[in-house]
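Participant: Chains A and B are the protein sequences, given in the same order.
Start counting at 1 in the first sequence, then tack on 519, and there's your number in my numbering.
Start counting at 1 in the second sequence, then tack on 5, and there's your number in my numbering.
Got a structure here, written out as structure tokens. Questions coming.
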Amino acid sequence: GIQVEQSPPDLILQEGANSTLRCNFSDSVNNLQWFHQNPWGQLINLFYIPSGTKQNGRLSATTVATERYSLLYISSSQTTDSGVYFCAVERAGNQFYFGTGTSLTVIP
Amino acid sequence: EAQVTQNPRYLITVTGKKLTVTCSQNMNHEYMSWYRQDPGLGLRQIYYSMNVEVTDKGDVPEGYKVSRKEKRNFPLILESPSPNQTSLYFCASRRTGLSHEQYFGPGTRLTVT
Numbered sequence: 520g521i522q523v524e525q526s527p528p529d530l531i532l533q534e535g536a537n538s539t540l541r542c543n544f545s546d547s548v549n550n551l552q553w554f555h556q557n558p559w560g561q562l563i564n565l566f567y568i569p570s571g572t573k574q575n576g577r578l579s580a581t582t583v584a585t586e587r588y589s590l591l592y593i594s595s596s597q598t599t600d601s602g603v604y605f606c607a608v609e610r611a612g613n614q615f616y617f618g619t620g621t622s623l624t625v626i627p
Numbered sequence: 006e007a008q009v010t011q012n013p014r015y016l017i018t019v020t021g022k023k024l025t026v027t028c029s030q031n032m033n034h035e036y037m038s039w040y041r042q043d044p045g046l047g048l049r050q051i052y053y054s055m056n057v058e059v060t061d062k063g064d065v066p067e068g069y070k071v072s073r074k075e076k077r078n079f080p081l082i083l084e085s086p087s088p089n090q091t092s093l094y095f096c097a098s099r100r101t102g103l104s105h106e107q108y109f110g111p112g113t114r115l116t117v118t
């Protein structure tokens, strides 16, 4: 299968700070998604981004498929941004592979 | 409201007692999938289904069964649960094709004693 590595594994931020989360993958993929898992365990879709750049409010993401990585940017972080951020990729064959996540804690 | 539902949300059972976790989606999606989430391992795919009567193994299928008799439902069956199947389980669905995002259910927390 595909190896999906996320960094950093843990991140602590002061409210208002910016951060960049990275996702590296070992092979070409058809799809890539970013998710936020909130403290209650719910998985929330952030971005569907197999290539290019997208923005949604304080969040934006960029995927460079040819270089096999994706970045998630969080600006002006808030305590509600706390949780675990996952990157997931899909290759031909319809199997999905998740990274082990970045655990983000935003302190007031 | 478009959604993926799972039942039960929480379940405590004993080793060897057969159980079924149901999953249903109302978005007319062809593709459905089951994942388990364990600390430090992220989510791992158990089984997926491209359409009715079509299922395939994911990365960790051992000890699980699935069926897809209707488009909207994709139950996960543990015929003889063991403690190493204690986990958080997620069901997901999406349209088929190359460019569609997955939508996840709320999760089922299973404990096998």
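From the three backbone atoms N, C-alpha and C, an ideal C-beta is built for every residue, glycine too.
Near residue 615 (chain A), which residues of its chain fall below 6 Å by C-beta distance, leaving aside the five closest residues on each side in sequence?
Facilitator: As a first step, residue 615 (chain A) must be located in the first sequence, where it is residue number 96. Within the same chain, residue 615 (chain A) has close Cβ partners 607 and 609.
Participant: Going by CA-CA distance only, name the one from A:524, A:539, A:523 and A:522 that's closest to residue 530 (chain A).
Facilitator: To locate residue 530 (chain A), count along the first sequence from 1; it is residue 11. The option with the nearest alpha carbon to residue 530 (chain A) is A:539.
Participant: By how many angstroms is the C-alpha of residue 536 (chain A) removed from the C-alpha of residue 20 (chain B)?
Facilitator: Mapped onto the second sequence, residue 20 (chain B) falls at position 15. Mapped onto the first sequence, residue 536 (chain A) falls at position 17. Approximately 47 Å, taken between the alpha carbons.
Participant: Please list, in chain order, the chain A residues whose beta carbon lies closer than 7 Å to that of residue 50 (chain B).
Facilitator: Taking the first residue of the second sequence as 1, we reach residue 50 (chain B) at position 45. The answer, in chain order, is 614 and 615.
Participant: Within the 8 Å Cβ cut-off, does residue 544 (chain A) reach chain B?
Facilitator: Here residue 544 (chain A) refers to the residue found at position 25 when the first sequence is read from its first residue. No, residue 544 (chain A) lies away from the interface with chain B (no Cβ there is under 8 Å from its Cβ).
Participant: Tell me the DSSP bridge mates of residue 588 (chain A)?
Facilitator: As a first step, residue 588 (chain A) is located in the first sequence; it is residue number 69 there, counting from the start. Partner(s): A:543 and A:583.
Participant: Consult DSSP for residue 599 (chain A) and reduce its assignment to one of helix, strand or coil.
Facilitator: Here residue 599 (chain A) refers to the residue found at position 80 of the first sequence. DSSP places residue 599 (chain A) in helix when its eight states are reduced to three.
Participant: Which residues, in order along the region 540–570 of chain A, keep a beta-carbon less than 8 Å from a beta-carbon of chain B?
Facilitator: Per Cβ criterion, the list reads 549, 550, 552, 554, 560, 561, 562, 564, 567 and 569.
Participant: Report the option in A:561, A:520 and A:532 whose CA atom is closest to the CA atom of residue 598 (chain A).
Facilitator: For the purposes of this step, residue 598 (chain A) is taken as the residue at position 79 of the first sequence. The shortest Cα separation from residue 598 (chain A) among A:561, A:520 and A:532 belongs to A:532.
Participant: Residue 64 (chain B) touches chain A at which residues, Cβ-Cβ below 7 Å?
Facilitator: Translated into the one-based positions of the second sequence, residue 64 (chain B) becomes position 59. Ordered by position in chain A, the residues that pass the 7 Å Cβ test against residue 64 (chain B) are 520.
Participant: Leaving out the 5 sequence neighbours to the left and right, which residues in its chain are closer than 7 Å to residue 560 (chain A) when beta-carbon positions are compared?
Facilitator: Counted from its first residue, the first sequence places residue 560 (chain A) at position 41. Correct list: empty, nothing qualifies.
Participant: Confirm, please, whether the CB-CB distance from residue 35 (chain B) to residue 630 (chain A) is below 8 Å.
Facilitator: The displayed coordinates of chain A run from 520 to 627. Any statement about residue 630 (chain A) would go beyond what the structure contains.
Participant: Give the range of the beta strand (DSSP E) segment to which residue 559 (chain A) is assigned.
Facilitator: As a working note, residue 559 (chain A) is residue 40 in the first sequence. Premise fails: residue 559 (chain A) is in no beta strand (DSSP E) and is neither H nor E.
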